[in-house]
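**Q**
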Amino acid sequence: MILKKLERRLLVFTILLGGFLSTLTETILNNALPTIMEAFNISQSVSQWLSTGYILVVGIMMPTAAYFFNRVPLKPLFITTLFIFLIGTIIASTAKNFEFLMLGRIVQAVSVGISMPLVQNVLTLVYPPNERGAALGLAAIVIILGPAIGPTLSGWIVNHYPWEWIFIILIPITVLVIVLSFFTVKNINQTKPTKLSWLSLMLSTMGFGLLLYGFSNIGIIAGINIPTTIILVIGLLTTIGFIVLQLKLKNPLLEMRVFKSPSFTKTTILASLINIAMLGTELIVPLYLQDVRGTSAFISGLMLLPGAILMAIVAPIAGRLLDSYGIKMISFIGFGVLTLATIPMIWFNKHTSLLWIITLYAIRMGAISLVMMPVTTSGINALPEHLIVHGNSVVATFRQVASSLGTALLVTIAAIISQGHRSGVELMRGYQGAFAAAAVVSLICFVLTFTLKNRTKPEL
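Using numbering that gives the first Met the number 0, the letters of the sequence shown correspond one by one to residues 0 to 459.
1) Could you check where the alpha helix (DSSP H) with Ile178 kicks off and where it finishes?
2) Figure out for me which residue from Gly390, Ile345 and Val157 has the closest Cα to the Cα of Met255.
3) Using alpha carbons as the reference points, say which of Gly318, Leu303 and Pro315 lies closest to Trp355.
4) For His350, name the three-state secondary structure that DSSP assigns.
5) Tell me, to the nearest whole angstrom, how far the beta carbon of Ala369 is from that of Ile329; I am working on the premise that it is less than 8 Å.
6) Please classify Pro373: is it buried, with 16 or more other beta-carbons within 10 angstroms of its beta-carbon, or exposed?
7) Report the option in Thr63, Asn158, Gln119 and Thr80 whose CA atom is closest to the CA atom of Ala139.
8) Below 8 Å, how does it come out for the stretch 24-35 and the stretch 198-211: are there three or more Cβ pairs, yes or no?
9) Just to confirm before moving on: does the CB-CB distance between Leu100 and Asn188 stay below 8 Å?
10) Rounded to whole angstroms, what's the CA-CA distance from Ala147 to Thr26? Just pull it up for me.
11) Find the nearest neighbour of Gly145 within the set Gly18, Phe84 and Trp162, judged by alpha-carbon distance.
12) Gly112 and Met61 look like a contact to me (Cβ under 8 Å); what is the Cβ gap, rounded to whole Å?
13) Ends of the alpha helix (DSSP H) at Thr123?
14) Which residues mark the beginning and the end of the alpha helix (DSSP H) in which Ala94 is found?
15) Report buried or exposed for Lys349, applying the criterion of at least 16 other Cβ atoms within 10 angstroms of its Cβ.
16) For Leu278, which three-state DSSP category applies?
17) Report yes if the C-beta distance between Lys185 and Asn69 is below 8 Å; otherwise report no.
18) Note down the Cα distance separating Leu309 from Ile326, rounded to an integer number of angstroms.
19) Would you mind working out which of Ala270, Cys444 and Gly132 sits nearest Ile332, comparing C-alpha positions?
20) Which residue's Cα is closest to the Cα of Leu135: Leu386, Val313 and Ala414?
21) Taking the alpha helix (DSSP H) that Arg454 belongs to, which residues open and close that run?
22) Please state whether DSSP places Ser403 in a helix, a strand or coil.
23) What does a CB cutoff of less than 7 Å around Leu55 pick up in its chain, not counting 5 residues either side in sequence?
24) Could you check the C-alpha separation between Ser114 and Ile14 for me, to the nearest Å?
25) How far does the alpha helix (DSSP H) with Leu303 in it reach, from first residue to last?
26) Nearest to Leu359 by alpha carbon, out of Leu20, Leu235 and Met344?
27) Measuring only the C-alpha atoms, how far is Asn40 from Thr406?
28) Please classify Tyr430 as buried or exposed, where buried requires at least 16 other C-beta atoms within 10 Å of its C-beta.
29) Taking Cβ positions, are Ile275 and Leu404 nearer each other than 8 Å?
30) Using the C-alpha atoms, what's the distance from Glu458 back to Leu386?
31) Can you check whether the CB of Leu253 is closer than 8 Å to the CB of Thr173?
32) Can you tell me the Cα-Cα spacing of Glu37 and Pro161, whole angstroms?
33) So for Gln47, helix, strand or coil by DSSP?
34) Can you check whether the CB of Gly206 is closer than 8 Å to the CB of Thr238?
35) Please determine, among Phe77, Ile59 and Ser46, the residue with the shortest C-alpha to C-alpha distance to Leu20.
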């Protein structure tokens, strides 16, 4: 379907606004968990499921995104996901107990798991390959800015209003996007009567679900035990079974043949590592600020805000640079700066200047913004047109698993080094160990940069 310039802009604006709601919800409870723990008289391990369970359901739903996009016209699909999100938000905003609040988060996650890959699918369909860098740079603002400002926003809300307002403010915004969707969203996708492989759905739910649960559980208990190991092994074996089945099916739930493209494979690995570098540190820095430096949840969230703003500024510029110069230069600069900005964090202590912390974190996030969407776009451009939707779903799914793995990895490293201490020199060293791991991940990304093709074209 060919759109006029104004129609395309209105469609993209509405889709991005809906995507922003999805990504904002991922971290919006991070700074509110202590308040919710007190309100419902629950432990930290129980309250953590408001984030962990959310990530789990999103990860389970993501492999179905390509199926729905190929099966259902865009307009009813997008509006339906928004209605589901609205229902979950209303449930959460009116929750009188933890169970009801958890239900609201799960309903939200069902919507987000389908709608999050949808943003990239729409942008890659309405823009030609030579303009996708700039277009997906806009998507990067949504994907990056939402999770980045979530903790700051929730910290401010719980400091001034009851925690329910975290969800109440989302209701009118969601209604606005639904109304806009009726007028601006067009059915640009070509649908076909694809059958859903229920065996694939069951295996993906079990495989990705158990992996996400296992990784998240490592982060919660700050270690690994026999039950978690068993869960991870079963999850891995089930996921392998799912992959083998997809390679045999004519119409797979998640098209794993995209990994036959060397460029797509490399960029997907990089995209996953970027998510570990970003979300893992997004979690560790506030913990360090609150536990070692004694800052409040709101102040620690506020200190992350310059990084979020810099990411939003850099993202669209990065897309245009990709269109003009290719991926090599962007990756070399981005991952080089990321590594150089992460290494000094290894020496963060209780006397480190707060301005230095803010500056390094902001530079780091700016570097991530420079490479995140260009790397993904370069991989997507290496796929033929009929595999682009599947490629976006694969990248989104692997990112989600990496998010869970990354946060669990850094939290576990910090806990092992600190030997369970919640204060003092031991805790500080634990966080220093986590920053060292983040530096290693950044360095691996920098090394992989040298294997990328500067400009990709369909390889399958």
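Glycine included, C-beta positions come from ideal geometry on N, C-alpha and C.
**A** The answer reads as follows:
1) Position 179 of the sequence shown holds residue 178. For the sequence presented, residue 178 should be read as Val rather than Ile. Leu169 to Thr183 is the extent of the alpha helix (DSSP H) around Val178.
2) In the sequence shown, counting from the first residue as 1, residue 255 sits at position 256. Cα-wise, what sits closest to Met255 is Gly390.
3) Indexing the sequence shown from 1 puts residue 355 at position 356. It is Leu303.
4) Along the sequence shown, one-based indexing puts residue 350 at 351. Residue state, collapsed to three classes: coil.
5) Position 370 of the sequence shown holds residue 369. Position 330 of the sequence shown holds residue 329. Note that residue 369 is Leu in the sequence shown here, rather than Ala. So it is a contact: roughly 6 Å between Cβ atoms.
6) Against the sequence shown, residue 373 aligns to sequence position 374. Classification of Pro373: buried, given that the 10 Å Cβ count is 16 or more.
7) Residue 139 sits at position 140 when you count from the first residue of the sequence shown. Ranking Thr63, Asn158, Gln119 and Thr80 by Cα distance to Ala139 puts Gln119 first.
8) no
9) By 1-based counting over the sequence shown, the position of residue 100 is 101. By 1-based counting over the sequence shown, the position of residue 188 is 189. Against a cut-off of 8 Å, the Cβ pair of Asn188 and Leu100 comes out as no contact.
10) Working through the sequence shown from its first residue, we reach residue 147 at position 148. Working through the sequence shown from its first residue, we reach residue 26 at position 27. So the two alpha carbons sit approximately 8 Å from each other.
11) Residue numbering aside, residue 145 sits at position 146 when the sequence shown is read from its first letter. Closest by alpha carbon: Gly18.
12) As a first step, residue 112 is located in the sequence shown; it is residue number 113 there, counting from the start. As a first step, residue 61 is located in the sequence shown; it is residue number 62 there, counting from the start. Confirmed, Cβ separation roughly 5 Å.
13) Taking the sequence shown and counting its residues from 1, the one referred to as residue 123 is at position 124. Looking at the DSSP string, the run of the alpha helix (DSSP H) that includes Thr123 is Phe97 to Val125.
14) As a working note, residue 94 is residue 95 in the sequence shown. Where Ala94 is concerned, there is no enclosing alpha helix (DSSP H), given that its DSSP letter is neither H nor E.
15) Start at 1 with the first residue of the sequence shown, and residue 349 comes out as number 350. That one is exposed.
16) Here residue 278 refers to the residue found at position 279 of the sequence shown. In the structure shown, Leu278 sits in a helix (DSSP, three-state: H, G or I).
17) The count along the sequence shown starts at 1 and reaches residue 185 at position 186. The count along the sequence shown starts at 1 and reaches residue 69 at position 70. No, the Cβ-Cβ distance between Lys185 and Asn69 is not below 8 Å.
18) Numbered from 1 along the sequence shown, position 310 holds the residue referred to as residue 309. Numbered from 1 along the sequence shown, position 327 holds the residue referred to as residue 326. If you take the alpha carbons of Leu309 and Ile326, they lie about 20 Å apart.
19) Reading the sequence shown from its first residue, position 333 is the one you call residue 332. For the options Ala270, Cys444 and Gly132, the alpha carbon positioned closest to that of Ile332 is the one of Cys444.
20) Taking the sequence shown and counting its residues from 1, one reaches residue 135 at position 136. For the residues Leu386, Val313 and Ala414, the minimum Cα distance to Leu135 belongs to Val313.
21) As a position in the sequence shown, residue 454 is number 455, starting the count at 1. No residue range can be given for Arg454, since it is assigned to no alpha helix (DSSP H) and is classified by DSSP as neither H nor E.
22) Here residue 403 is taken as the residue at index 404 of the sequence shown, counted from 1. Residue state, collapsed to three classes: helix.
23) In the sequence shown, residue 55 corresponds to position 56, counting from 1. Excluding its 5 nearest sequence neighbours in each direction, Leu55 has C-beta neighbours in its own chain below 7 Å: Gly208, Leu211, Tyr212 and Ser215, listed in chain order.
24) What you label residue 114 is simply residue 115 of the sequence shown in a count that begins at 1. What you label residue 14 is simply residue 15 of the sequence shown in a count that begins at 1. Cα to Cα, Ser114 sits roughly 9 Å from Ile14.
25) Here the question's residue 303 lines up with position 304 in the sequence shown. In the DSSP annotation of this structure, Leu303 is not part of any alpha helix (DSSP H), being labelled neither H nor E.
26) On the sequence shown, position 360 is the one that residue 359 refers to. Of the candidates Leu20, Leu235 and Met344, the one whose C-alpha sits nearest the C-alpha of Leu359 is Met344.
27) By one-based count along the sequence shown, residue 40 stands at place 41. By one-based count along the sequence shown, residue 406 stands at place 407. Answer to the nearest angstrom: the Cα atoms are 25 Å apart.
28) Position 431 of the sequence shown, counted from the first residue, corresponds to residue 430. So Tyr430 counts as buried.
29) Here residue 275 corresponds to residue number 276 of the sequence shown, with the count starting at 1. Here residue 404 corresponds to residue number 405 of the sequence shown, with the count starting at 1. Yes, the Cβ-Cβ distance between Ile275 and Leu404 is below 8 Å.
30) Taking the first residue of the sequence shown as position 1, residue 386 is located at position 387. Taking the first residue of the sequence shown as position 1, residue 458 is located at position 459. Those two C-alpha atoms are separated by around 11 Å.
31) As a first step, residue 173 must be located in the sequence shown, where it is residue number 174. As a first step, residue 253 must be located in the sequence shown, where it is residue number 254. Result no, Cβ atoms of Thr173 and Leu253 do not sit closer than 8 Å.
32) Counting from 1 along the sequence shown, the entry for residue 37 is found at position 38. Counting from 1 along the sequence shown, the entry for residue 161 is found at position 162. Answer to the nearest angstrom: the Cα atoms are 12 Å apart.
33) If you number the sequence shown from 1, residue 47 lands on position 48. Three-state result, Gln47: coil.
34) One-based indexing of the sequence shown puts residue 238 at position 239. One-based indexing of the sequence shown puts residue 206 at position 207. Contact flag set, yes.
35) Here residue 20 refers to the residue found at position 21 of the sequence shown. With respect to the C-alpha of Leu20, the residue from Phe77, Ile59 and Ser46 having the closest C-alpha is Phe77.
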